[in-house]
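Those protein sequences? They're chains A and B, same order as listed. Numbering-wise, my numbering puts 111 at position 111 of the first sequence, and it's gapless, one number per residue. Numbering-wise, my numbering puts 235 at position 95 of the second sequence, and it's gapless, one number per residue. Quick reminder that beta carbons are idealized off the backbone N, C-alpha and C, glycines included.
Protein chains: 2
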Amino acid sequence: MRDKQHLFKEFGIRATKQRLLVLDLLMEEQMPISVEQIFLKVKAQDESINLSTVYRILSTFTEKGIALKSLLGESSVAYYELNRMVHKHHLICLSCHKIMNINHCPLENYEKELQRTTAFEVVSHKLEIYGYCPECKSKH
Amino acid sequence: MRDKQHLFKEFGIRATKQRLLVLDLLMEEQMPISVEQIFLKVKAQDESINLSTVYRILSTFTEKGIALKSLLGESSVAYYELNRMVHKHHLICLSCHKIMNINHCPLENYEKELQRTTAFEVVSHKLEIYGYCPECKSKH
DNA sequence: GTTAGTGCAAAATCTTTGCATATTT
DNA sequence: AAATATGCAAAGATTTTGCACTAAC
């Protein structure tokens, strides 16, 4: 508990019960999770928490670099995950919408090449791979 | 004009004035464009067109594979572009939000490898690269 | 003439904001 | 005590839908 308090202090934000709940949840989750899901899971721990608080917390976390925001698939709802400072990507199943991690990033060398050939200064990239997970594949 | 009529017929949808306007616009545009921008540009040609019609047309085009939908950056508004059947990606400038095309895709071999190592059947991927374009880079 | 598509208005969904109250420092 | 964060309710923004009317086939 002490270390989380400290983490918040480092980022210059107050250690509230609600922020601790959201942080704990993100630490448990291994995958990006939607705001709705975050809200429901946190609400199970603290009935009184409000959706707008969750939005504000996630937006603060994203600004501070504690969390990462992304938009997966065509769904237009925001997903968040803890910023583990490890560069990774996801495999997303088009059938069951399961998300799997890929730890290796195939783009490191490519970005350097791109930088040379286009004079564009590459800062980051977003890569998601879509397909069918082993279980769904066998159902087809 | 004849060929566009024919295109719509092939897809089993009617060749309406509104669809022709949206298709023409997407053919002119070299980059993904937001629904709002599409609506305004089309409205300049036909004052009476309605935003919901544009949404419906874009959604039909996407279902039929005539257009591609994507969400760029963190912005949560949908962008559309003509499906030119050429696999490509975009460079997006974090400063001026300009979008540039990359024609080469660095992931073809990687996808095959991934398929072997994860048993996930890869269908497609989404890759966008963020950074600073040459003009903005020199301003910093 | 029938079917599909459009315009309009209203609803639905997701996200943000103003303000009084409560909590943290 | 002062500053910050929360809850609630209301508003914003984006997208979708029901329905009567219109255009395409």
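Exercise. Kindly indicate which three-state DSSP category Leu-114/A falls into: helix, strand or coil?
Key: The three-state secondary structure of Leu-114/A, taken from DSSP, is helix.
Quiz prompt | Start-to-end residues for the alpha helix (DSSP H) that takes in Val-54/A | solution = Counting along the chain, the alpha helix (DSSP H) containing Val-54/A begins and ends at 51–64.
Quiz item: Nearest CA to the CA of Thr-257/B: which residue from Asn-103/A, Glu-108/A, Phe-120/A and Tyr-110/A?
Solution: The residue from Asn-103/A, Glu-108/A, Phe-120/A and Tyr-110/A with its alpha-carbon nearest to that of Thr-257/B is Asn-103/A.
Quiz item: Quick one: does Phe-120/A have its CB under 7 Å from some CB of chain B?
Solution: With 7 Å as the cut-off, Phe-120/A counts as an interface residue toward chain B.
Quiz item: Quick one: what does DSSP say Ala-184/B is sitting in, helix, strand or coil?
Solution: Reduced to three states, the DSSP call for Ala-184/B is helix.
Exercise. Please work out which residues of its chain come closer than 8 Å, Cβ to Cβ, to Gln-5/A, disregarding the five sequence neighbours upstream and downstream, and give them in chain order.
Key: Excluding positions up to five away in sequence, the list reads Ala-15.
Quiz prompt | Closer than 9 Å at the beta carbon, the chain B residues around Pro-32/A | solution = Using a Cβ-Cβ cut-off of 9 Å, Pro-32/A is close to nothing in chain B; its nearest Cβ partner there is about 13 Å away.
Quiz item: Going along chain A in order, which residues have a C-beta closer than 9 Å to the C-beta of Ala-218/B?
Solution: Those are Glu-74 and Ser-76, listed as they occur along chain A.
Exercise. Determine, using beta carbons only, whether Ile-57/A comes closer than 7 Å to chain B.
Key: No, Ile-57/A lies away from the interface with chain B (no Cβ there is under 7 Å from its Cβ).
Exercise. Examine chain B for any beta-carbon lying closer than 7 Å to the beta-carbon of Leu-68/A, and answer yes or no.
Key: In terms of beta-carbon proximity, Leu-68/A stays away from the interface with chain B, with every pair separated by 7 Å or more.
Practice problem: Specify the secondary structure class of Val-226/B as computed by DSSP and reduced to three states. | Solution: It is coil, neither helix nor strand.
Quiz item: To the nearest angstrom, how far is it from the Cα of Phe-142/A to the Cα of Cys-273/B?
Solution: With chain A represented from 1 up to 140, any question about residue 142/A goes unanswered, as that position is not in the structure.
Self-check item: chain B contact residues for His-125/A, given Cβ-Cβ distances below 7 Å
Solution: Result: Leu-267, Glu-268, Ile-269 and Tyr-270.
Quiz item: Roughly how many whole angstroms lie between the Cα atoms of Glu-10/A and Phe-39/A?
Solution: Looking at the backbone, the Cα of Glu-10/A and that of Phe-39/A are separated by about 25 Å.
Exercise. Below 6 Å CB to CB, which residues in the same chain sit around Thr-143/A once its five sequence neighbours on both sides are set aside?
Key: With chain A running from 1 to 140 in the structure shown, residue 143/A is simply not present.
Quiz item: Met-100/A touches chain B at which residues, Cβ-Cβ below 9 Å?
Solution: Using a Cβ-Cβ cut-off of 9 Å, Met-100/A is close to Thr-258 and Phe-260 of chain B, given in chain order.
Quiz item: Hey, would you say Val-175/B sits closer than 7 Å to Ala-207/B, going by beta carbons?
Solution: Contact: no.
Practice problem: With DSSP collapsed to three states, give me the class of Asn-103/A. | Solution: Looking at Asn-103/A - three-state DSSP - the assignment turns out to be coil, as it is neither helix nor strand.
Exercise. Return the chain-ordered list of same chain residues with a C-beta closer than 8 Å to the C-beta of His-90/A, the five sequence neighbours on each side being excluded.
Key: Closer than 8 Å at the Cβ level, and outside the excluded window around His-90/A, lie Met-31, Pro-32, Leu-72, Ile-99, Met-100, Asn-101, Ile-102, Glu-128 and Ile-129.
Practice problem: Identify whether Glu-29/A lies in helix, strand or coil by the three-state DSSP scheme. | Solution: In the structure shown, Glu-29/A sits in coil (DSSP, three-state: anything other than H, G, I, E or B).
Self-check item: Three-state secondary structure assigned by DSSP to Glu-214/B
Solution: Three-state result, Glu-214/B: coil.
Quiz item: On the three-state DSSP scale, how would you describe Leu-21/A?
Solution: Looking at Leu-21/A - three-state DSSP - the assignment turns out to be helix.
Quiz item: Looking only at C-alpha atoms, which of Glu-113/A, Asp-3/A, Ile-57/A and Tyr-110/A sits nearest to Glu-81/A?
Solution: Closest by alpha carbon: Ile-57/A.
Quiz item: According to DSSP, what are the bridge partners of Val-122/A?
Solution: Paired residues: Gly-271/B.
Quiz item: Name the chain B residues that come within less than 9 Å of Lys-137/A, Cβ to Cβ?
Solution: By Cβ distance, chain B contributes Ala-259, Phe-260 and Glu-261.
Quiz prompt | Selection from His-125/A, Tyr-110/A, Glu-113/A and Glu-135/A that minimises the alpha carbon distance to Ser-95/A | solution = If you compare the alpha carbons of His-125/A, Tyr-110/A, Glu-113/A and Glu-135/A with that of Ser-95/A, the shortest gap goes to Glu-135/A.
Practice problem: Answer with buried or exposed for Gly-65/A, where buried requires no fewer than 16 other C-beta atoms within 10 angstroms of its C-beta. | Solution: Per the 10 Å Cβ criterion, exposed.
Self-check item: When Glu-74/A, Val-42/A, Val-122/A and Asn-50/A are compared against Gly-271/B, the one with the closest alpha-carbon
Solution: Nearest of Glu-74/A, Val-42/A, Val-122/A and Asn-50/A to Gly-271/B, Cα basis: Val-122/A.
Quiz prompt | DSSP bridge partner residues for Cys-93/A (one or two, in chain order) | solution = Partner(s): Gly-131/A.
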